[in-house]
Amino acid sequence: MPPYKKRGSWKLNEARQRNQPMRSCRRVTEVTNAGKVQRVCPDRRMENKTLSLPKELMFNILLLLPADVLYNIMRYMCSQWHKIICDPVFIKAHLLRANAGLFIQHNRSSPDGYYADTSTGDVTVERINFKFPGEVWASCDGLVLFSDPKDRKILHLVNPITKQQFTLPPFKQYYSGSNFMLGRACSTGEYKVVGTYVCMEYGVYHCLIVTVGKDVAWREIDLQPISLDRQAILMQRPLSAGGFIFWVVDCRENFLTLDVEAEVVRDFPVPKPCRIGWPTSYKEKGNSLSCLFWKSKTLAFGVLVLADPRRGKWENLYKFDLEGKRHVIRSFIYKYYDSPPRFLYLRPVAWVNNGEVVVFTTYCLAGVSYVAHNVETGETSLFDMCKEKGAPFWLVHVNSLVKPY
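Numbered per numbering that gives the first Met the number 0, the sequence shown spans residues 0 to 404.
Structure representation (structure tokens):
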């Protein structure tokens, strides 16, 4: 049986072994609000003062931290911080402050995803701490939509930061041309998933929708106002921005919009530059749909935005020119080539940072070298990614604390 040791003797022995004086905790007298007198440690009293900061002040301080730090570290510090971080009001406020980055998959069959943060001048790329077992379809407010690897009619929503998942009702049919998109209704805040497919036997197009956490089955959307030849665009991968879902292709003269809240599909003509044969690219830009257009073999770009998606009204936003940086961009992108191509062709990938930064890659080295240009400040950043086999896939993504249900 070990010898009896007096209370605190282990501290004394440990201090002697380190040849250091043992630290004593000198307690002080403190009177509580109830009038009671108690002796407390000064260190603990200081800790209580730190944790008892005004809730509004702690709310604003925590808003400045990234989502992964909030969820994995800060919410475990004390009960007050845990309540603030888990509060839906805080989650919404944090989402509004977050800057959207770029979700990158080098291969659609790969479970690995990467997140490129372009909020600062130096672009940082890190692997997402979540394995996507099935095909990734969409991202909205930090929620990622992907298919079940065993049954592609089953779709899942996940927040890669919190690892929270939600499974949707089974989709009616799945064909090789089926596409899915995730959107949010602006007024209600409800998340809805839209899926399309075509019945090959009868040549009939279908568009279905389901409200996350509310519907137990998919609902059919009326497509009768749209002519059959124009419905064929539903087989293209859609875009989502500002409470609307868009089906738009460079080579067609029309595009379709779906009001997520009203669940109404409309048909509109594409903007003029697309009808005169200029190279174009449609991308989400903040809460709007944008159209980048340029002349062949040039690095001068024009930007249009869909100002009114209910009426199909486009507006000229601005123009920007990268011709002055052609040599720097060319040297960076073609550094892997012994004999680089004669012309430099940039391929628009996405608008990030809430529409302030446009990211390009090249057609010959897609997914390897990237150019990030800030149209507000004129700064241009260049960054590389590891090269993997397969066609790269990109999404505008934001790290958030939003729950998928």
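For glycine and all other residues, C-beta sits at the position ideal for the given N, C-alpha and C.
Since the structure is predicted, the reported quantities are computational estimates derived from the model, not experimental observations.
Three-way DSSP call (helix, strand, coil) for residue i in this model
i      : result
HIS205 : strand
CYS290 : strand
ILE60  : helix
ASP408 : Only positions 0 to 404 of the chain appear in this structure, which leaves residue 408 out of reach.
ASP324 : Before going on, a small fix: residue 324 reads as Lys here, not Asp. Note: LYS324 maps to helix in three-state DSSP.
GLN235 : coil
TYR281 : strand
TYR70  : helix
ILE332 : helix
ARG25  : Any answer about ARG25 is weak, because its pLDDT of 48 lies below 50 and its placement is not dependable; what the coordinates show is given next. In this structure, ARG25 counts as coil in the three-state DSSP scheme.
CYS273 : helix
LEU167 : coil
LEU52  : coil
ARG309 : coil
LEU298 : coil
ASP147 : coil
ARG341 : coil
ASP258 : strand
ASP228 : helix
PRO159 : coil
MET199 : coil
GLU314 : strand
SER186 : coil
PHE131 : coil
ASP214 : coil
VAL304 : strand
ARG265 : strand
GLY241 : coil
SER138 : strand
VAL411 : In this structure the chain extends from 0 to 404, so residue 411 is not present and cannot be described.
TYR174 : coil
Outcome for residue i when other beta-carbon atoms lying within 10 angstroms are tallied against a minimum of 16
i      : result
TYR336 : exposed
SER287 : buried
ALA390 : exposed
ILE208 : buried
THR49  : Low confidence applies here, because THR49 scores a pLDDT of 48, under 50, leaving its location unreliable; read the following figure in that light. THR49 is exposed by the Cβ-count criterion.
VAL143 : buried
VAL397 : buried
VAL351 : buried
PHE342 : exposed
LEU167 : buried
ALA371 : buried
SER368 : buried
SER146 : buried
THR376 : exposed
PRO2   : Confidence in PRO2 is poor, its pLDDT being 45 and thus under 50, which makes the residue's placement unreliable; the coordinate value appears in the next sentence. It counts as exposed.
CYS250 : exposed
HIS105 : buried
THR119 : exposed
SER186 : exposed
GLY100 : buried
SER108 : exposed
TYR70  : buried
Check whether residue i and residue j have beta carbons under 8 Å apart
i      : j      : result
ALA184 : GLU283 : no
GLN132 : LYS152 : At residue 132 the sequence reads Pro, which differs from the Gln that was named. In this structure, LYS152 does not lie closer than 8 Å to PRO132 by Cβ.
PHE392 : VAL135 : yes
ALA216 : PHE179 : no
PHE292 : PRO268 : no
ASN206 : VAL124 : Just to set this straight, residue 206 is Cys in the shown sequence, not Asn. Taking 8 Å as the Cβ cut-off, CYS206 and VAL124 do not qualify as a contacting pair.
SER380 : VAL88  : no
PHE58  : ILE90  : no
CYS139 : GLY188 : no
TYR281 : LEU222 : no
PRO308 : PHE243 : yes
ASP204 : VAL197 : Reading the sequence as shown, one finds Tyr at residue 204 and not Asp. Taking 8 Å as the Cβ cut-off, TYR204 and VAL197 qualify as a contacting pair.
PRO403 : LEU95  : no
PRO270 : LEU303 : yes
MET234 : THR279 : no
HIS93  : LEU62  : yes
TRP277 : LYS294 : yes
VAL356 : THR117 : yes
Residue i beta carbon near the ligand COA (any heavy atom closer than 7 Å)
i      : result
THR210 : The model depicted lacks the ligand COA and carries no ligand whatsoever.
Which ranges would you report for the alpha helix (DSSP H) in the stretch 343–400 if only whole runs of at least 4 residues count? For the stretch 343–400, not a single whole alpha helix (DSSP H) run of length 4 or above is found.
For a minimum of 3 consecutive residues, which ranges assigned as the beta strand (DSSP E) are wholly contained in the stretch 73–129? Here the runs fully enclosed are 100–104, 113–116 and 123–126.
Pairing CB atoms from the stretch 308–318 with CB atoms from the stretch 76–87, are three or more of them under 8 Å? The stretch 308–318 is not in contact with the stretch 76–87.
Looking at C-beta atoms only, is the number of pairs between the stretch 154–166 and the stretch 217–236 that lie closer than 8 Å three or more? Proximity of the stretch 154–166 to the stretch 217–236 falls short of the contact definition, fewer than three beta-carbon pairs being nearer than 8 Å.
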